[in-house]
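Here's the structure we're looking at; comments come further down.
4 protein chains.
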Amino acid sequence: MKHARPLPGYLVKRFHGWKATTYSENAAWYRKLAEGQHPRAMIISCCDSRVHVTSIFGADQGEFFIHRNIANLVPPYQPDGHQHGTSAAIEYAVTALKVAHVVVMGHSSCGGVQGCLSMCSGQAPELEEKSSFVGRWMDILRPGYERVQHLKSEEEQRDALEKQAVIVSLENLMTFPFVAEAVEQGNLTLHGVWHDIGGGGLEEYQAESDRFNKI
Amino acid sequence: MKHARPLPGYLVKRFHGWKATTYSENAAWYRKLAEGQHPRAMIISCCDSRVHVTSIFGADQGEFFIHRNIANLVPPYQPDGHQHGTSAAIEYAVTALKVAHVVVMGHSSCGGVQGCLSMCSGQAPELEEKSSFVGRWMDILRPGYERVQHLKSEEEQRDALEKQAVIVSLENLMTFPFVAEAVEQGNLTLHGVWHDIGGGGLEEYQAESDRFNKI
Amino acid sequence: MKHARPLPGYLVKRFHGWKATTYSENAAWYRKLAEGQHPRAMIISCCDSRVHVTSIFGADQGEFFIHRNIANLVPPYQPDGHQHGTSAAIEYAVTALKVAHVVVMGHSSCGGVQGCLSMCSGQAPELEEKSSFVGRWMDILRPGYERVQHLKSEEEQRDALEKQAVIVSLENLMTFPFVAEAVEQGNLTLHGVWHDIGGGGLEEYQAESDRFNKI
Amino acid sequence: MKHARPLPGYLVKRFHGWKATTYSENAAWYRKLAEGQHPRAMIISCCDSRVHVTSIFGADQGEFFIHRNIANLVPPYQPDGHQHGTSAAIEYAVTALKVAHVVVMGHSSCGGVQGCLSMCSGQAPELEEKSSFVGRWMDILRPGYERVQHLKSEEEQRDALEKQAVIVSLENLMTFPFVAEAVEQGNLTLHGVWHDIGGGGLEEYQAESDRFNKI
């Protein structure tokens, strides 16, 4: 593979720094972890560089099995033999690792959600094209757009759509037979949260009120 | 969405701890980040709970756009109008965010790679089924298996296949026209690394020697 | 300008070495940076050849906006129409770049601080002269000398005065209306540290205790 | 000083990494350096986060006495008893440290130079105000603007003005009696270079041709 290049020097230096401190201080734990992982929860969050669930939830290595994709979306169950990276991650977490929780975390200023809004409101024809991976991926959120398009300002729509990205994903999670079964047998609980990057806030979806409330 | 449950108390407590400390100390930076992200690099790593690239590379919020999937795989370019979460993340990072680097990070004891090995060597018929999301996802790595099946022990094969997960992904990255174009124009460089969880090591793929060398 | 001379050969050679290695490996990132800088922090440190904040903090190009002057001093706000290089750097960082942090870094064996001590204790009359640029610059630190002159040994006084160079600068920073406003609105935080060159240590000023503590 | 806050955690971690690696491996040299600095050269460069002279010139700790200000400017000699941070740094480097070289390094995409251009061409009245530190600082470069204003496009003017920032500074350096004396006695040489951030280039001012040539 002739196109690979050496890592930037600052990353090499930082790695050596990590090795000599964090790794060195925790080597016993890392060696034990090498035998196998036993995460408590799966987290589905956005690729966005500003969202660090390990920091927000004070996680140690080995605690969370983390899948990150554009706009923290879960597609509906579709066992058609095609490649579904998100569904594979969920299947592995729930059936092989048997995690106790799946947390879907949305966030403010989400570029993917903004793209979906532009596309659904006819302002981004390039995202409608068959060849747009981002557009086709954001199709998952179209049912969410249906529920927020009545809102007056674009800002209100975007905020609501960021939260729909969490709700639609939770709904789609329940279409996976192995997820529904684990939930019904009490072996798995689902959680939805939305993170405000600038304000450092966290809101939690509450089933009874069908609302997000600050925690 | 009636199945959502409140977050476990320990996560709520840790969030409040983060809010009172890390967030509070960095609020100015997080507010600035809320205006937009300018990550330098995209990292593609595994969902595995033991792999923390932000820790290994001493990253601050805002530095890396991170996609995590099973076995850090990139599928080949396939603009068929279906949902491709990994391809969407790559498209967004390279064409919208214009990151300067894409780093694919593999790791030791990878459950996904082990599954691929079992499947390809006929020991896991359940992964061959159309309905297996993990199996179909690991199909991406079959070309890598072809290259390692001559090795004698299963251990050697697994180690080599973990590195093939990096190489095959780098090869597939170059099948995306916008990736190849950015690489050829000098606006993007690709990097492949493999992380030894227990030993805290990092090896880098070197194009000239077609080998991974310790850094 | 007839007095300019060619660069020493060893610098030319090192530049070519950098171009062929570090630049070559990071060209994509440097090209992106050429479009604009988005530094997170401003660092104010000494010109001293022994103080390298980019090394100490594992910084990549583009991370820190760095002003270096004798003894890392910030003068008080004085909008008198004269030339104030340090004030201009602070104004640009805070109002144009909108950095989230300003870090003032003092250090051990600081020649500027030693000069201030000699001058204030009457041992360096040449620094008292109107024509002494170093003397007039170190006048900024006279309020710091007032606070340490009660200490018995010259060594204690010098150590304390090096830390006063940090504290007085932080105090002066708050006299700039745009700094005070950004701090009060939570868009900027100020930090003071002192670096021990020989021992490789770092101490941080803590507001509650009014002391420097090792980190 | 009640406004100081703790350092961001990622900087603390990186410092500990540096301490355990770079410092640890060079402790003997750093301890020796603690006894005194003997830099070969003074470098005057911009605060811009994209300009790292230590990287470009492969510098070790202790090699360069570095002053960084907006647009790498040197004001004319003006011993009026006011505070002149740049003049103090030059005085200390030349008369106390007796450096053998002073290198003024300009660079591409310089925000300060762009501001000067806007101000001098009447497009930035806010920079004309007495209270603008950046404006008053950039007054130093007005003689350079006189020489480039005949150029037709703004782009040509900006490029030429970035180089004038080097030439004017070299000229002003020679107005300092102690600089002129050291130059005339052969104890100091002056050098002017301009760095192209995106392309990684370096051009050197040549006195004979009055031009910058690539090195």
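Order-wise, the sequence lines are chains A, B, C and D. Per the UniProt record's numbering: the first sequence = residues 1 to 215. Per the UniProt record's numbering: the second sequence = residues 1 to 215. Per the UniProt record's numbering: the third sequence = residues 1 to 215. Per the UniProt record's numbering: the fourth sequence = residues 1 to 215. Note that the Cβ used here is the ideal one computed from N, Cα and C, for glycine as well.
C/A20 classed as buried or exposed, judged by whether at least 16 other C-beta atoms fall within 10 angstroms: exposed
With 16 other Cβ atoms within 10 Å as the buried cut-off, status of C/Y92: buried
Proximal residues to B/C120 (C-beta, below 6 angstroms), its chain only, five neighbours per side dropped: Y145
Beta carbon proximity, A/W194 to chain D, threshold 8 angstroms: no
Residue range of the unbroken alpha helix (DSSP H) whose run includes A/H16: G9 to W18
Inter-stretch contact (C-beta, 8 angstroms, three-pair minimum) for the region 66 to 78 of chain D and the region 197 to 205 of chain B: no
Helix, strand or coil at C/L190 according to DSSP, with G and I counted as helix: strand
Under 9 angstroms by beta carbon: chain C residues contacting D/E156: The contacting residues do not exist; D/E156 stays about 18 angstroms from chain C at best.
Expected contact under 8 angstroms - CB spacing of B/I56 and A/F15 to nearest Å: 6 angstroms
Ranges of the alpha helix (DSSP H) found wholly within the region 95 to 169 of chain B, counting only runs of at least 4: 111 to 120, 125 to 128, 133 to 138 and 142 to 148
Bridge partner(s) assigned by DSSP for A/G198: Answer is none; A/G198 lacks a bridge partner.
Three-state secondary structure assigned by DSSP to B/I215: coil
Closer than 8 angstroms to chain A by CB, C/T22: yes
Sequence-distant residues of its chain with Cβ nearer than 8 angstroms to A/F176 (five each side left out): Y77, S87, I90, E91 and V94
Local Cβ density within 10 Å of C/D210, reported as buried at 16 or more and exposed below that: exposed
Chain D within 8 angstroms of A/W18, Cβ atoms only: yes
B/H101 versus A/S132: straight-line alpha-carbon distance, rounded: 22 angstroms
Where D/S209 falls: helix, strand or coil (DSSP): coil
Between the CA atoms of B/R158 and B/C110 - distance to the nearest angstrom: 9 angstroms
Residues that A/C46 bridges to, as DSSP identifies them: A/N69
Assigned secondary structure, A/E63 (DSSP; H/G/I helix, E/B strand, else coil): coil
Reduced DSSP category for D/E35 - H, G, I as helix; E, B as strand; rest coil: coil
Minimum C-alpha distance to B/Y205 - residue among B/V183, B/E25 and B/M105: B/M105
A/E203 versus A/G58, A/S169 and A/E162, residue with shortest Cα-Cα distance: A/E162
Same chain only: Cβ atoms within 6 angstroms of C/T189, ignoring 5 sequence neighbours per side: H101
Cα-Cα separation between D/F65 and D/G17, rounded to whole angstroms: 25 angstroms
Beta-carbon proximity check, B/R147 vs B/Q123, cutoff 8 angstroms: no
A/S49 to C/Q61 span [Cα, whole Å]: 18 angstroms
Rounded Cβ spacing between C/H82 and D/R142 (contact assumed at less than 8 angstroms): Rounded, the Cβ-Cβ distance is 15 angstroms, inconsistent with contact.
Alpha carbon of A/I43 to alpha carbon of A/H67, nearest angstrom: 6 angstroms
Residues that residue 258 of chain A bridges to, as DSSP identifies them: Only positions 1 to 215 of chain A appear in this structure, which leaves residue 258 of chain A out of reach.
Per DSSP, the bridge partner or partners of A/A41: A/F64 and A/H101
Host alpha helix (DSSP H) of residue 222 of chain B (start-end): With chain B covering 1 to 215 only, the question about residue 222 of chain B has no answer from this structure.
Nearest-angstrom Cα separation, counted from A/Y30 out to B/M138: 26 angstroms
Rounded straight-line distance, which links the Cα of A/G36 to that of A/K98: 13 angstroms
Residue closest to C/N187, alpha-carbon to alpha-carbon, out of B/E184, B/L127 and B/L33: B/L33
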